[in-house]
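*Asks:* If you count by mature numbering (1 follows the signal peptide of the UniProt record, and there is no 0), then the sequence shown holds residues -22 to -1, 1 to 505, one letter each, in order. Even for Gly, the Cβ is constructed at its ideal location relative to N, Cα and C.
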Amino acid sequence: MEVAMVCTRVNLLILILSLCSPYKFIQSPMDFGPLNLLPTTTTASSDFGRILFHSPSAVLKPQAPRDISLLLSFLSASPLGKVTVAARGAGHSIHGQAQALDGIVVEMSSLPSEIEFYRGEGEGDVSYADVGGGTMWIELLEQSLKLGLAPRSWTDYLYLTIGGTLSNAGISGQTFKHGPQISNVLQLEVVTGRGEIVTCSPTKDAELFNAVLGGLGQFGIITRARILLQEAPQKVKWVRAFYDDFATFTKDQELLVSMPDLVDYVEGFIVLNEQSLHSSSIAFPTNVDFNPDFGTKNNPKIYYCIEFAVHDYQNKNINVEQVVEVISRQMSHIASHLYSVEVSYFDFLNRVRMEEMSLRNSGLWEVHHPWLNMFVPRAGISDFRDLLMDSISPDNFEGLILIYPLLRHKWDTNTSVVLPDSGSTDQVMYAVGILRSANPDDGCSHHCLQELLLRHRRLAGAAASGLGAKQYLAHHPTPAGWRRHFGRRWERFADRKARFDPRCILGPGQGIFPRDSSSNGAFASYS
């Protein structure tokens, strides 16, 4: 065993030296003891955004957290080179956040995906699942439903990894009620940038626990998480209501999130044109007889849709139809344009999969996705809407624009996530997702894509400086931009980096802490 470990350490040292070389050393798979480092792949240098393509020098497919620990321990201890490491989950990043130019990409999907469940017994005893960081949420859903359980908080798209969404926040229509996914974690297993394997929680190594949640992969790699579960409903009453006035639309959304005892999910989206109306209806399994007048190119008419859901447990003395009736009577949607349908809980949560399959069948899934996601203060949401409409052409916009409210008190400010500052006691803020597609086959060439990205940068900049908005799933091209993004939270974020990843090995694709060649790759002062 000792001989094997020595050989592994020698081989790792050779790897580090080779990665420091100006020549491309890795040409074929290499067996570095248990690490099994492989040459780069197309997958490791790309993501869902299809905007940036940064090729690593090697790929690690770990079989256990110890493999990741061994790699990071050597890189952290080595005085040589500037080798970086990025953890890659499902590859759903937009701007190369999980890429590592000339570094090493860790394919988290290769970790064991076994899930262990604990069902709470009695009052105050919670149910949870222990699940690997490379496991996808859809897998956790499928397994937990067999026990009549499910996580409380979700993302709209379920084919994402546990570790990936927890490194950001994880939001959807349940967030107003249960908080983001990072507010529904009881414990983590993390491999820090130093290579230490640490089990942490709100009461044990809490600083690391809070740093990693929403930490953009800067402090450690999540290899296991304990996710809070609740009783799963059998059915969901899924409701959509249409509006022609933005103020009424947001007023009704805020009404819905003020009723957490009745409502379980709230989102909303803008209806810009026939394409957006059609694409948003693919997963909604009932006829929507809404045929609006979209006006003209010079004088467009914009509509809005609220989407909410009520869980039907079918074993409780609650009439879901009556609940929806009570709720809808208080809403001010366009008359006769409220639609509802009952679906299984699984089908409701997995609704985006139907849209994905439709796009795949049309050859429109693997295209450019210059997305922009933002958190906007309640006081600025109307002005943001105006900025947004000034930056797009409603008649030819391809994609979806989500707008829905969140509640601040459901977020833990000890985590690393960045929210807009609140100058008052206002608890409401808005999540906005501009989820557009750019298809090269339809004429959106490199120049077209760069123009769309420029528009988004200008919109994000104007919203940040004028409205106090913050990017979610943020992309900033320079460390200075990241400092502005974090604002008064920057010092804490930088201190955590110095503590848990002082050599700035992790998360190079974010561009927050470039490795400093003057200090042999060590942490530099970014104050």
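Taking the alpha carbon of P43 as the point to measure from, which residue in G341, D368, T201, E299 has its own alpha carbon closest?
*Replies:* Comparing Cα positions, the closest option is T201.
*Asks:* Looking at the structure shown, is G446 part of a helix, part of a strand, or coil, going by DSSP?
*Replies:* It is coil, neither helix nor strand.
*Asks:* Quick check: the Cα distance between G381 and R363, rounded to an integer number of angstroms?
*Replies:* Looking at the sequence itself, residue 381 is Ile, so the reference to Gly does not match. About 10 angstroms.
*Asks:* V217 to S56, Cα distance in whole Å?
*Replies:* Their Cα atoms are separated by approximately 57 angstroms.
*Asks:* If the criterion is Cβ atoms closer than 9 angstroms, does the pair L327 and I284 meet it?
*Replies:* Against a cut-off of 9 angstroms, the Cβ pair of I284 and L327 comes out as no contact.
*Asks:* Specify the secondary structure class of Q165 as computed by DSSP and reduced to three states.
*Replies:* Q165 falls in the strand class under three-state DSSP.
*Asks:* Report the option in L118, G112, D80, D103 whose CA atom is closest to the CA atom of E94.
*Replies:* Comparing Cα positions, the closest option is L118.
*Asks:* One question on the structure: do I490 and P457 come within less than 9 angstroms of each other, judged by their Cβ atoms?
*Replies:* Yes, the pair counts as a contact, with Cβ atoms nearer than the cut-off.
*Asks:* With A68 and G487 assumed to form a contact (beta carbons below 8 angstroms), what rounded beta-carbon distance in angstroms separates them?
*Replies:* That pair is no contact at about 15 angstroms.
*Asks:* Look at the alpha carbon of Q449 and the alpha carbon of T153, and state the distance between them as a whole number of angstroms.
*Replies:* Their backbone Cα atoms lie some 17 angstroms apart in a straight line.
*Asks:* Looking only at its own chain, which residues have a Cβ that is under 6 angstroms from the Cβ of Y291, when we skip the five neighbours before and after it?
*Replies:* Cβ within range, chain order: P211.
*Asks:* Does the distance from the C-beta atom of R331 to that of Y135 stay below 9 angstroms?
*Replies:* In this structure, Y135 lies closer than 9 angstroms to R331 by Cβ.
*Asks:* Around the C-beta of residue 515, are 16 or more other C-beta atoms found within 10 angstroms, so that it is buried, or is it exposed?
*Replies:* Here the chain has residues from -22 to 505 only, and residue 515 is not among them.
*Asks:* Among residues of its own chain, excluding the 5 on either side of I4, which ones have a beta-carbon nearer than 6 angstroms to its beta-carbon?
*Replies:* Confidence is the limiting factor: at I4 the pLDDT is only 40, short of 50, which leaves the residue's position unreliable, though a coordinate-based value still follows. Excluding residues within five positions, the ones whose Cβ falls inside 6 angstroms are P17, S35, A36.
*Asks:* Looking only at its chain, what residues have a beta carbon closer than 7 angstroms to the beta carbon of Y1, apart from the 5 residues adjacent to it on each side?
*Replies:* Bear in mind that a pLDDT of 35 at Y1, under 50, signals an unreliable position, so the model cannot answer this.
*Asks:* Ends of the alpha helix (DSSP H) at Y281?
*Replies:* Looking at the DSSP string, Y281 is not in any alpha helix (DSSP H); the run it does join, the beta strand (DSSP E), is 281 to 290.
*Asks:* I'd like the ranges of any beta strand (DSSP E) spanning at least 3 consecutive residues and lying wholly in the segment 128 to 213.
*Replies:* If we require 3 residues or more, the beta strand (DSSP E) runs fully inside the segment 128 to 213 come out as 163 to 170, 175 to 178, 198 to 209.
*Asks:* Judging by CA-CA distance, which residue of S443, N417, L384, A76 is the nearest neighbour of Y408?
*Replies:* When each option's Cα is compared against that of Y408, the closest is L384.
*Asks:* Distance check for G273 and T391, CA to CA, integer angstroms please.
*Replies:* If you take the alpha carbons of T391 and G273, they lie about 44 angstroms apart.
*Asks:* So the candidates are L13, L38, S54, K39; which of them puts its Cα closest to the Cα of R493?
*Replies:* Minimum Cα distance to R493 is reached at S54.
*Asks:* Exposed or buried, what is F478 when buried is set at 16 or more other beta-carbons lying within 10 Å of its beta-carbon?
*Replies:* Classification of F478: buried, given that the 10 Å Cβ count is 16 or more.
*Asks:* Just grab the DSSP bridge partners of P383 for me.
*Replies:* For P383, which the question treats as bridged, DSSP gives the partners Y408.
*Asks:* For a quick check, are the C-beta atoms of D242 and H311 less than 9 angstroms apart?
*Replies:* No. Outside cutoff.
*Asks:* In three-state terms, what does DSSP make of W216?
*Replies:* The answer is strand: DSSP assigns W216 an E or B state.
*Asks:* Taking the C-alpha atoms as reference points, what is the distance between S150 and P158?
*Replies:* The alpha-carbon atoms of S150 and P158 are separated by roughly 8 angstroms.
*Asks:* For R204, which residues in the same chain have their Cβ closer than 6 angstroms to its Cβ, ignoring the five residues on either side in sequence?
*Replies:* The answer, listed in chain order, is Y106, D108, L164, Q165.
*Asks:* Between N277, N14, E303, F286, which has its C-alpha nearest D368's C-alpha?
*Replies:* Of the listed residues, the one whose Cα sits closest to D368 is N277.
*Asks:* Anyone know if the C-beta pair for Q75 and A22 falls short of 9 angstroms?
*Replies:* The answer is no: Cβ separation not under 9 angstroms.
*Asks:* Are the Cβ atoms of F224 and Y282 separated by less than 9 angstroms?
*Replies:* Yes, the pair counts as a contact, with Cβ atoms nearer than the cut-off.
*Asks:* Can you tell me the Cα-Cα spacing of E252 and K275, whole angstroms?
*Replies:* Their Cα atoms are separated by approximately 13 angstroms.
*Asks:* Quickly, what does DSSP pair A458 with across the bridge? List them, please.
*Replies:* BP columns for A458 are empty, so no partner.
*Asks:* Assuming D108 is part of the beta strand (DSSP E), what are its boundary residues?
*Replies:* 105 to 110 is the extent of the beta strand (DSSP E) around D108.
*Asks:* For N295, count neighbouring C-beta atoms within 10 Å of its own C-beta (all shown protein chains included) and say buried if the count is 16 or more, exposed if not.
*Replies:* N295 should be labelled exposed.
*Asks:* Candidates V304, S360, L431, G171: which alpha carbon is nearest K475's?
*Replies:* Comparing Cα-Cα distances from K475 to each of V304, S360, L431, G171, the minimum goes to G171.
*Asks:* Taking just the CA atoms, how far does G102 sit from K441?
*Replies:* The residue you asked about is not Lys; residue 441 is Ala in the sequence shown. Cα-Cα distance, rounded: 43 angstroms.
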